[in-house]
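Using the UniProt record's numbering, you'd call the opening residue of the sequence shown number 1 and step up by one each time. All residues carry an ideal CB built from backbone N, CA and C; glycine is no exception. Taking it in order: structure first as structure tokens, then the write-up.
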Amino acid sequence: MAVYVDLTKWQQADVADRCHYMPCIIKYSGETNAEKYFETTIQEDDDKKELSASFRGRPLNGKILTPPPGYESMIVKEKKVPLSEEEDRQFSIVARVPQFTYWNLDKPITEEDKLAKALVFTEIARELHQREEVEEDDECKNDGSSSKD
């Protein structure tokens, strides 16, 4: 199975003014009034730059995150549900997201969270790729030959 995201409408996509990422399954698909029922519970700790809130009576800890340089985040929607696991999945862009609020259930946000590790990985990958480019440039300059007199 392959996953495809249609990026042809990237520039025309709306920019979301807010996005909440909760690493959980919510068995509901439809409109909601998050502004009235969720966002009113959000409290900010200015000293730590952390957030706290409540969702269905459960405490949440959150933090506003921005994608690393060179990356952008987006909200996507599956065009049609595949009939089998082998079938390719196709998504279209709903909105571009310049920043999002990441929430943890019952525990503080730490560098050990999967999302935090994924964001660090993008930085590591960029560094490794830049080093590869420098090494390739050095090899081209040296031409692979050395002379000792």
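> Can you name the start and end residues of the beta strand (DSSP E) that Tyr-71 belongs to?
Replying inline: For Tyr-71, there is no enclosing beta strand (DSSP E), as DSSP gives it neither H nor E.
> So, helix, strand or coil for Ala-2, using DSSP?
Replying inline: In this structure, Ala-2 counts as coil in the three-state DSSP scheme.
> Secondary structure at Thr-122, three-state DSSP: helix, strand or coil?
Replying inline: Three-state result, Thr-122: helix.
>> At the level of alpha carbons, what is the spacing between Ala-125 and Val-3?
In response: Ala-125 and Val-3 have their C-alpha atoms roughly 21 Å apart.
> Bridge partners of Val-15, per DSSP?
Replying inline: Answer is Arg-96.
> How is Glu-86 classed by DSSP in three states: helix, strand or coil?
Replying inline: Looking at Glu-86 - three-state DSSP - the assignment turns out to be coil, as it is neither helix nor strand.
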